[in-house]
Every structure is written in structure tokens, then in C-alpha cells.
Amino acid sequence: MKKFLKFFLVGIFFGIVLVKSEAVSWYRIYEMFKFQSFHMYGIIASAVFTGIILLLIAKKTHLKTIQGTRLHVPLKDKGLVRYIVGGSIFGLGWALSGACPGPMYILVGTGAFSILIVIFGALVGTFLYGILKDKLPH
Amino acid sequence: MEYILKPWPWYISGPSIAIVMFLLLYFGRTFGMSSNLRTICAIGGADKYSDFFKFDWKSQRWNLIVVLGAVCGGFIAHFLLSDPTNINLSAETITDLNQLGFKNAGDSLLPPELFAWENVLSFKGISILLIGGLLVGFGTRYAGGCTSGHAITGLSSLQLPSLIAVVGFFIGGLIMIHLIFPILF
Chain B
-18 MKKFLKFFLV GIFFGIVLVK SEAVSWYRIY EMFKFQSFHM YGIIASAVFT GIILLLIAKK
42 THLKTIQGTR LHVPLKDKGL VRYIVGGSIF GLGWALSGAC PGPMYILVGT GAFSILIVIF
102 GALVGTFLYG ILKDKLPH
Chain R
1248 MEYILKPWPW YISGPSIAIV MFLLLYFGRT FGMSSNLRTI CAIGGADKYS DFFKFDWKSQ
1308 RWNLIVVLGA VCGGFIAHFL LSDPTNINLS AETITDLNQL GFKNAGDSLL PPELFAWENV
1368 LSFKGISILL IGGLLVGFGT RYAGGCTSGH AITGLSSLQL PSLIAVVGFF IGGLIMIHLI
1428 FPILF
């Protein structure tokens, strides 16, 4: 149980940040795709900028994980079709439901229980991908 | 306290998300929220239908704990740490949404036109939420990651596949908002 506590705490922090940043709001996603506010772009850009710096520091200092292994980010497979087509399908759903997977769970905590229908849809979508995976170009 | 209760500016929020990513890497894991959807499918018995779900889901329990924490964090932030709870949208966004039939845009976290039960429980209402979720779930697994895995982790580690995926996210999002919304609403 103790080994899970740190993950629980990180999750709480993540949930608080995404609500306080308003990134869980359907309205903010709409506004982003309309290019009518810098807010969401500021969040993503400053997250990536900070992420790059943190990973650089980790690399320079040969930082080890708590398991004693080298801290590293697993590499994504090479490819084009899956990223552009899969990404576009994801984008259609993101804009329509106003929620990507993280915010979906977090919104349950804010009492917006109708988001459970979106989560159910996402589970069905994941299942369909599993069924069709071998027939799709990657 | 006042600064906590008010909405957090982007330059606090963005770096905080990077810290979440970094902590999970430091714990020897990765930041990927959509992987949990696959895990839940596997727990539900989807491995009987596709090898894609044949994996040791118990090794992913830590990520489900992150989700559990995130739900609690959502509760804490919304009910204990938010005053006010409205969204300070740009004036143009409010005008545009009004024209689409979304009244009082920004007064709540989510538009009641899509998420209030009296509107959810109609054919159009439930279809929008189900199809929206379905596209997210299918697209994220096809692309091998979502906003956390590609936009944050992938871009932070300068991976080309993630950049392509994020371009895809925007192609889809822009098509939905600019071409499909005017037909839907």
C-alpha cells in the first residue's frame, strides 16, 4: 500500500492543477481551437519548455530513478500514418467532448457525472482499436 | 490563499504539469493517461477478443492509482479551492458560442447544453458524448498516446512521432470546431 501512496499524491496534484488551470473546461478547448486566447497555448508551451529543461538536467546529472535505473523517456515507434490519422481522430473527439483522457477522470471528481458517458465511449473506442489494430495501417 | 482560490495563470499551471511528468519518470514510470483505458478494457475481459489486451495489467495498477488521485484532486480543487468557479473566457469566444446556442458561456466548468442531464438524455445529447469519447479512445490508441503522452512527454523529449501526433490533434480539433460545429449546433 505504501508504494502506491506517492502515485496517489501525484494524481491529486495533477487533478488540482488541471482544474485550477481550467484545462478541464470544455470552453477552454473550444477557445483554444478558435485561437481566441493564449491561455491553453501558454500552458502547453510552458509545460513543454519546463519538461525539456528538467529532462536536460536529469541527463546532465545522470539522475537515477528511485528504482536505481537511468531516468529516461521510452521512445515512440517510428511512423507517420498512425500519428497523423490517429492524432486527427483524437483531435475530433477532443474538440467535441472538450476532454482528453486526463480531464475525463478529473471531471468525475468535480461532480460532472455525465462525463462518465464520454469515458464509456472512450473505453469502447479503445476496445474497437484493439479489435481492428491488425487491419489498420501504422 | 487568495492566489490559490483564483484560477491559476498558465505560467504556474504549465510548469506544474511538467513536474507531474518528471515525478512519474523519477518513479521509473511514464506520464500517460490514456493507457488506463487499455488497462480497464483488459481488466474487463477484452483480452478474450484481442491480443492487444493480453498483457500483465497488474503492472499498470500504479497508473490507476494516479487516476484515483486525479479524481480526488478534481474534487478538492473544485469544491474546496475554487472561488469563483466561472471561466474567464475571451469576449469573442462568448459571442461565438452564443451564436451557436451556448448561453452563459463560462459560467460553469462545462456547458449545460452538452453536460446537464436533461440535455444528455436526448438522442443528440447522448450521441455527442458517446461519439466524442469513442473518437478520443480510438484515436489515442491508434496514435499511441494522448495529450500527456505525446504533447507533454513526447515533445519534452523532442520526439518527432509526438510532434506529428500533436499536429494531428490540431487537424482534428480545427476540423471539428470550424467545419463540423456549424453543422451540429
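Residue numbers (the working numbering), protein chains in the order written: chain B, -18 to 119; chain R, 1248 to 1432.
We put the beta carbon where it would ideally sit given N, CA and C, even for glycine.
Proximal chain B residues relative to residue i, where beta-carbon distance stays under 7 Å
i: G1379(R); result: G74, L77, S78, V99 and G102
i: M1280(R); result: P82 and G83
i: F1302(R); result: In chain order: nothing, as chain B lies at least about 11 Å away.
i: I1287(R); result: L104
i: F1417(R); result: G72
i: P1429(R); result: Result: empty, since nearest Cβ-Cβ is about 12 Å, beyond 7 Å.
i: G1353(R); result: Y8
i: G1384(R); result: G102, A103, L104, V105, G106 and T107
i: S1395(R); result: G83
Interface partners of residue i on chain R, CB under 7 Å
i: K15(B); result: T1340, D1343 and I1424
i: H43(B); result: Residues of chain R passing the Cβ test: none, with the nearest at roughly 13 Å.
i: K(-13)(B); result: F1274
i: K59(B); result: P1408
Contact test: residue i Cβ vs the ligand PLP heavy atom, cutoff 7 Å
i: F71(B); result: With respect to small molecules bound, the structure shown includes none, and the ligand PLP cannot be examined in it.
Under 9 Å by beta carbon: chain R residues contacting residue i
i: K114(B); result: S1297, D1298, F1299, R1388 and Y1389
8 Å contact criterion, which residue i and residue j should meet: CB distance rounded
i: G67(B); j: L1382(R); result: Contact doesn't hold; Cβ gap of about 10 Å is too wide.
i: G1420(R); j: A76(B); result: 4 Å
i: A1220(R); j: G(-4)(B); result: As displayed, chain R neither begins before 1248 nor continues past 1432, which places residue 1220(R) out of reach and without an answer.
i: G1321(R); j: F(-11)(B); result: The Cβ separation is near 14 Å, so there is no contact.
i: L88(B); j: V5(B); result: 6 Å
i: T1400(R); j: M1268(R); result: 6 Å
i: G23(B); j: G1261(R); result: 6 Å
i: V99(B); j: G1380(R); result: 4 Å
i: M1423(R); j: L73(B); result: 5 Å
i: T1387(R); j: P82(B); result: 6 Å
i: K15(B); j: D1343(R); result: 7 Å
i: A153(B); j: F1362(R); result: Nothing about residue 153(B) can be read from this structure; chain B reaches only from -18 to 119.
i: A1398(R); j: I25(B); result: 6 Å
i: Q1406(R); j: K57(B); result: 5 Å
i: S69(B); j: I1378(R); result: That belief does not hold up - the Cβ atoms of S69(B) and I1378(R) are roughly 15 Å apart, past 8 Å.
i: A1293(R); j: F108(B); result: 5 Å
i: L1356(R); j: T91(B); result: 6 Å
Reference residue i, options the options, closest by Cα
i: V1314(R); options: L(-1)(B), K116(B), G32(B) and M13(B); result: L(-1)(B)
i: G1384(R); options: Y110(B), L113(B), L37(B) and A103(B); result: A103(B)
i: L1328(R); options: A80(B), F(-15)(B) and S2(B); result: S2(B)
i: G1279(R); options: P55(B), L(-14)(B), K45(B) and R9(B); result: P55(B)
i: Y1296(R); options: K(-17)(B), L113(B) and L(-14)(B); result: L113(B)
i: S1374(R); options: G111(B), D115(B), H119(B) and S78(B); result: S78(B)
i: K(-16)(B); options: V62(B), Q48(B) and L61(B); result: Q48(B)
i: F1300(R); options: L1361(R), L1376(R), Y1258(R) and L1284(R); result: L1284(R)
i: M13(B); options: E1339(R), W1364(R), L1410(R) and L1405(R); result: E1339(R)
i: T50(B); options: W7(B), A39(B) and K59(B); result: A39(B)
i: P1254(R); options: I1287(R), N1335(R) and W1304(R); result: N1335(R)
i: I33(B); options: K1305(R), L1410(R) and S1404(R); result: S1404(R)
i: N1310(R); options: T1286(R), G1292(R) and N1333(R); result: T1286(R)
i: I65(B); options: L1426(R), I1430(R), Y1258(R) and P1408(R); result: P1408(R)
i: S1263(R); options: K(-13)(B), V29(B), Y11(B) and I10(B); result: V29(B)
i: I1341(R); options: Y110(B), F(-6)(B), L97(B) and Y8(B); result: Y8(B)
i: T1332(R); options: L1368(R), S1281(R), Y1389(R) and L1252(R); result: L1252(R)
i: F19(B); options: L1357(R), W1257(R) and L1402(R); result: W1257(R)
i: Q1346(R); options: I1259(R), V1318(R) and P1429(R); result: P1429(R)
9 Å Cβ cut-off: residues of chain B touching residue i
i: G1320(R); result: G(-8), I(-7), F(-6), F(-5), G(-4), I(-3), V(-2), L(-1), V0, I87 and G90
i: G1316(R); result: F(-12), F(-11), L(-10), V(-9), G(-8), I(-7), F(-6), F(-5) and G(-4)
i: G1401(R); result: V54 and K57
i: G1348(R); result: Under the 9 Å cutoff, chain B gives no residues; its nearest Cβ is about 13 Å from G1348(R).
i: F1432(R); result: Simply none; closest approach about 11 Å.
i: G1292(R); result: Per Cβ cutoff of 9 Å: no residues; G1292(R) is ~10 Å from chain B at best.
Within chain B, the residues that residue i reaches when beta carbons sit closer than 8 Å
i: I1312(R); result: F(-15), F(-12), F(-11) and G(-8)
i: S1337(R); result: E12, Q17 and S18
i: F1362(R); result: W7, A93, S95 and I96
i: S1306(R); result: Neighbours of S1306(R) on chain B: none; closest Cβ ~13 Å, over 8 Å.
i: P1331(R); result: Within 8 Å Cβ-Cβ: nothing; P1331(R) doesn't reach chain B, min ~12 Å.
Proximity test, Cβ basis, 8 Å: residue i and chain C
i: S1404(R); result: The structure shown has no chain C; the protein chains it does contain are B and R.
Q: Counting only runs of 4+ residues fully inside the region 1300 to 1338 of chain R, write out the alpha helix (DSSP H) ranges in chain order.
A: 1308 to 1326, all fully within the region 1300 to 1338 of chain R.
Q: Quick one: which residues of the region 1254 to 1274 of chain R get their C-beta closer than 7 Å to a C-beta of chain B? List them in chain order.
A: Legend: CB atoms of the region 1254 to 1274 of chain R lying less than 7 Å from CB atoms of chain B belong to residues P1254, W1255, W1257, Y1258, S1260, G1261, P1262, S1263, I1264, A1265, V1267, M1268, F1269, L1270, L1271, L1272, Y1273 and F1274.
Q. What are the complete alpha helix (DSSP H) segments, minimum 4 residues, inside the region 1349 to 1397 of chain R?
A. Segments of the alpha helix (DSSP H) lying fully in the region 1349 to 1397 of chain R: 1359 to 1362, 1364 to 1367 and 1370 to 1389.
Q. For the region 12 to 63 of chain B, which segments carrying the alpha helix (DSSP H) assignment without a break, of at least 4 residues, lie completely within its bounds, in sequence order?
A. Under the rule that a run must span 4 or more residues, the alpha helix (DSSP H) segments found entirely inside the region 12 to 63 of chain B read 20 to 41.
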